[in-house]
Amino acid sequence: MRIIVFLLKSIVGLLASIGFILVAGTAALIYYGSQVPEVKKLVSQEKIPAETVLELDLVQGLAENGPQDGLLDLARLGKRPLLLSDAVEALERAADDPKVLAVVAHLGRGDLGLAQTSELRDAVLKFRESGKPTIAFAETFGEAGEAMPHFYLATAFEKVWIQPSASLPITGFRFEQPFIGGALEMVGVVPRFDQREEYKGVGSSLTEREQPEAIRENLTDLVDSFLQETAKGIAEARGLSETKVREIIDSAPLNGQQALDLGLVDHLGYWDEVEAEIENATESTESARMGLARYASLSRVPAPDSATKIALVRGQGGITLTDSGPSPLGGGSGITSDRMAKALSDAIEDDAIKAIVLRVDSPGGSYVASDTIWHQVTRARAVGKPVIVSMGNLAASGGYFIAMAADKIVAQPMTITGSIGVVSGKFVVEEVLEKLQLSMGGAEAGKNAGFYSATQDFTPEQWELFQTMLDEVYADFTGKAAAGRGFDAEQIDAVAGGRIWSGADALEVGLVDALGGLSTAIDLAKEAAGVPPGEAIALVPFPEEQDPFAAFIEEAIGKPLSTLSRLEQFAARWLTISEALTGNPQSRLLQDSRFRQ
Numbered sequence: 001m002r003i004i005v006f007l008l009k010s011i012v013g014l015l016a017s018i019g020f021i022l023v024a025g026t027a028a029l030i031y032y033g034s035q036v037p038e039v040k041k042l043v044s045q046e047k048i049p050a051e052t053v054l055e056l057d058l059v060q061g062l063a064e065n066g067p068q069d070g071l072l073d074l075a076r077l078g079k080r081p082l083l084l085s086d087a088v089e090a091l092e093r094a095a096d097d098p099k100v101l102a103v104v105a106h107l108g109r110g111d112l113g114l115a116q117t118s119e120l121r122d123a124v125l126k127f128r129e130s131g132k133p134t135i136a137f138a139e140t141f142g143e144a145g146e147a148m149p150h151f152y153l154a155t156a157f158e159k160v161w162i163q164p165s166a167s168l169p170i171t172g173f174r175f176e177q178p179f180i181g182g183a184l185e186m187v188g189v190v191p192r193f194d195q196r197e198e199y200k201g202v203g204s205s206l207t208e209r210e211q212p213e214a215i216r217e218n219l220t221d222l223v224d225s226f227l228q229e230t231a232k233g234i235a236e237a238r239g240l241s242e243t244k245v246r247e248i249i250d251s252a253p254l255n256g257q258q259a260l261d262l263g264l265v266d267h268l269g270y271w272d273e274v275e276a277e278i279e280n281a282t283e284s285t286e287s288a289r290m291g292l293a294r295y296a297s298l299s300r301v302p303a304p305d306s307a308t309k310i311a312l313v314r315g316q317g318g319i320t321l322t323d324s325g326p327s328p329l330g331g332g333s334g335i336t337s338d339r340m341a342k343a344l345s346d347a348i349e350d351d352a353i354k355a356i357v358l359r360v361d362s363p364g365g366s367y368v369a370s371d372t373i374w375h376q377v378t379r380a381r382a383v384g385k386p387v388i389v390s391m392g393n394l395a396a397s398g399g400y401f402i403a404m405a406a407d408k409i410v411a412q413p414m415t416i417t418g419s420i421g422v423v424s425g426k427f428v429v430e431e432v433l434e435k436l437q438l439s440m441g442g443a444e445a446g447k448n449a450g451f452y453s454a455t456q457d458f459t460p461e462q463w464e465l466f467q468t469m470l471d472e473v474y475a476d477f478t479g480k481a482a483a484g485r486g487f488d489a490e491q492i493d494a495v496a497g498g499r500i501w502s503g504a505d506a507l508e509v510g511l512v513d514a515l516g517g518l519s520t521a522i523d524l525a526k527e528a529a530g531v532p533p534g535e536a537i538a539l540v541p542f543p544e545e546q547d548p549f550a551a552f553i554e555e556a557i558g559k560p561l562s563t564l565s566r567l568e569q570f571a572a573r574w575l576t577i578s579e580a581l582t583g584n585p586q587s588r589l590l591q592d593s594r595f596r597q
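Note that the sequence shown covers residues 1 to 597 in UniProt numbering.
Okay, structure coming up:
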């Protein structure tokens with residue numbers, strides 16, 4: 001018994017030590033985290049120089065959401081990654097800012113989505129109306145980022161420079177999708193999936209050996225729409241015919257000299273030569289350089305207290321019921337129904353909010369989670385608060401589900417949307433286990449307890465039940481989509497079936513209401529809220545922007561400390577019992593019937 005007491009004392013001491021270390025570590029982290037506001041204070045004192053050239057560098061791509069006041073901010077001395085919305089707003093303000101002389105972009109590097117590219121490109125074209133110089137430079141295209149979106153963006157600038165050694169592989173668009181049904185069969189895995197309906201390609205990729213004709217037809221329509229949009233934009237920007245641009249695309253890849261001869265770029269040169277060109281164009285040798293993200297922060301002017309308030313709810317990533325908690329670096333972890341539904345509900349309950357803008361960039365996910373968010377959108381409309389959806393690169397399947405009840409839906413021409421359908425199932429590995437001479441033991445109570453088990457196939461009755469479940473989900477999805485878009489049964493059948501659409505084609509078939517970006521959606525929200533044209537509004541983020549560092553401390557440190565405290569209390573209780581047993585043989589504990597032998 002004394003050994004037990006010794007062990008319990010050791011455990012209590014160990015737990016106390018761990019707790020002390022966590023507390024000390026937390027204190028250190030809190031101290032460093034507390035420096036973020038100090039850094040922000042120092043940064044906020046920075047001024048925009050009288051002669052400024054804005055630099056746009058997309059090596060990190062564009063973000064829909066980003067860390068705010070997290071450890072990443074501290075490491076970057078308050079710099080935030082470039083958010084698409086910040087870039088667009090900054091270019092709008094810079095057009096009228098006499099301190100801003102020009103905009104120069106370093107392109108060809110980083111991942112860009114097509115819809116994001118279109119939105120930023122439109123902002124650059126609008127900035128050019130100010131008459132200020134714009135220059136795009138790239139060492140090359142296609143080596144550190146997809147060539148088509150980067151060059152498409154570059155053509156929005158007045159002058160395009162590339163190095164003499166550059167390549168321009170603007171060869172068009174291609175989607176590749178593996179079909180692994182045969183490979184799974186070879187290893188003994190049975191993919192027991194089904195879908196509604198024939199255009200829902202995810203299920204087919206798991207069950208088929210080759211691409212079904214319906215999927216090929218759908219993807220061909222999509223890439224054709226993308227090519228049409230980019231060829232048209234390049235042609236208009238470079239003073240070429242659309243036919244000529246398509247001929248160039250079909251003859252690509254091109255080298256630098258060919259690109260120059262064909263009128264796709266204006267100069268062959270290097271970055272230092274671009275710097276000299278900027279000085280000539282701005283007639284200034286003293287101009288300061290400032291990143292677009294920094295300018296976006298410094299040039300932001302708070303809206304007056306009297307401004308009409310419009311809520312902005314953002315969602316990016318897969319849709320799930322819950323997440324794994326906050327990150328100390330900040331940023332989101334996908335769309336979770338509990339978080340987004342609460343954000344929408346809070347905006348609904350806030351009397352100061354007159355409309356809601358919902359920004360969606362999602363491939364879909366959980367049907368139930370999507371339905372939870374959809375319900376909040378319908379609630380907003382029911383109480384008279386207009387909801388305007390702005391779609392990003394992708395708003396398909398569940399991404400469309402959460403958008404379809406809105407008053408208005410805005411998409412970019414190259415947004416991927418639709419995919420009104422459902423896919424579900426399981427992999428059956430029973431044959432693999434037999435080949436490996438592995439067996440699974442267990443027990444079950446209930447006729448369908450193994451319904452989702454990977455170690456046994458569906459029975460005929462279970463497969464029939466599974467089909468009924470798919471039918472019910474599909475009927476719910478299409479029914480709600482039809483109600484939201486004002487379609488009859490024939491109209492919804494024509495656009496559903498799992499088919500994906502470009503934003504441009506979605507407008508033609510009535511799945512969206514307008515083409516444009518977040519600013520277009522905000523304008524529609526202002527109109528729906530009765531805000532006079534030109535009047536300022538306050539765009540209020542929901543949920544309220546939280547310091548991700550503090551959230552991480554609470555989640556990652558608070559819970560373990562609570563757990564350690566409970567463990568320590570538990571061990572201390574048993575230590576007391578053991579000491580009572582060993583120190584006093586006549587202890588009343590020995591008289592308790594639960595301890596008798």
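We put the CB at the ideal spot given by N, CA and C, even for glycine.
Quick check on this structure: which residue in the options has the alpha carbon closest to the alpha carbon of residue i?
i	options	result
I420	D111, F477, G203, Y367	F477
M148	L321, L112, T415	L112
V422	T378, Y400, G263, E430	Y400
T134	K126, R359, P164	K126
A406	I356, E508, H267	I356
G263	G131, E277, I248, P460	I248
D266	V387, F151, A90	F151
A237	G334, I492, R128, F542	R128
L436	V189, A538, P541, P212	V189
V360	S345, E286, K354, M404	M404
I388	G201, L344, K244	L344
I402	A352, G484, S453, G442	G484
P169	G442, A183, E55, G145	G145
I522	I335, A50, K309	K309
L268	Q257, I278, A276	Q257
F141	D250, L54, T220, L254	L254
A475	G534, E139, D493	D493
A281	G441, G318, K132, L56	K132
G318	M340, A307, L312	M340
M414	G239, G503, V245	G503
L58	G108, L184, G334, A482	G108
Determine the burial state of residue i: buried for a count of at least 16 other Cβ atoms within 10 Å of its Cβ, exposed for fewer.
i	result
L438	exposed
L260	buried
E283	exposed
D305	exposed
A489	exposed
N218	buried
M186	exposed
D122	buried
D96	exposed
S241	exposed
G479	exposed
K200	buried
S251	exposed
L518	buried
M440	exposed
L465	exposed
Which whole-angstrom value describes the C-beta separation of residue i and residue j, a residue pair presumed to lie in contact below a C-beta threshold of 8 angstroms?
i	j	result
V383	L524	About 19 angstroms separates the two Cβ atoms, so there is no contact after all.
S337	L321	5 angstroms
V429	T455	6 angstroms
V104	F173	Not quite, the Cβ-Cβ distance comes to about 28 angstroms (not below 8 angstroms), so this is no contact.
Y367	V473	6 angstroms
K408	A529	About 12 angstroms; that fails the 8 angstroms criterion.
Along the chain, where does the beta strand (DSSP E) that runs through residue i open and close?
i	result
G503	Note, G503: premise wrong, no beta strand (DSSP E); alpha helix (DSSP H) at 503 to 509.
G398	Not the beta strand (DSSP E): G398 falls in the alpha helix (DSSP H), residues 398 to 401.
Q195	190 to 196
E55	52 to 57
If you follow the alpha helix (DSSP H) that residue i is part of, which residue opens it and which one closes it?
i	result
F127	114 to 128
Q316	Looking at the DSSP string, Q316 is not in any alpha helix (DSSP H); the run it does join, the beta strand (DSSP E), is 308 to 316.
D261	256 to 261
L298	292 to 298
residue 599	Residue 599 lies beyond the range of the chain shown here (1 to 597); nothing can be said about it.
R379	367 to 382
Exercise. Are there three or more Cβ pairs, one per stretch, closer than 8 angstroms when the segment 393 to 400 is compared with the segment 152 to 165?
Worked result: no
For this session: Take every Cβ of the segment 196 to 207, pair it with every Cβ of the segment 174 to 184, and state whether three or more of those distances are shorter than 8 angstroms.
Result: yes
For this session: Decide if the segment 491 to 499 is in contact with the segment 85 to 100; the criterion is three or more beta carbon pairs, one per stretch, under 8 angstroms apart.
Result: no
Exercise. With contact counted as at least three CB pairs below 8 angstroms, one residue from each stretch, are the segment 180 to 194 and the segment 298 to 312 in contact?
Worked result: no
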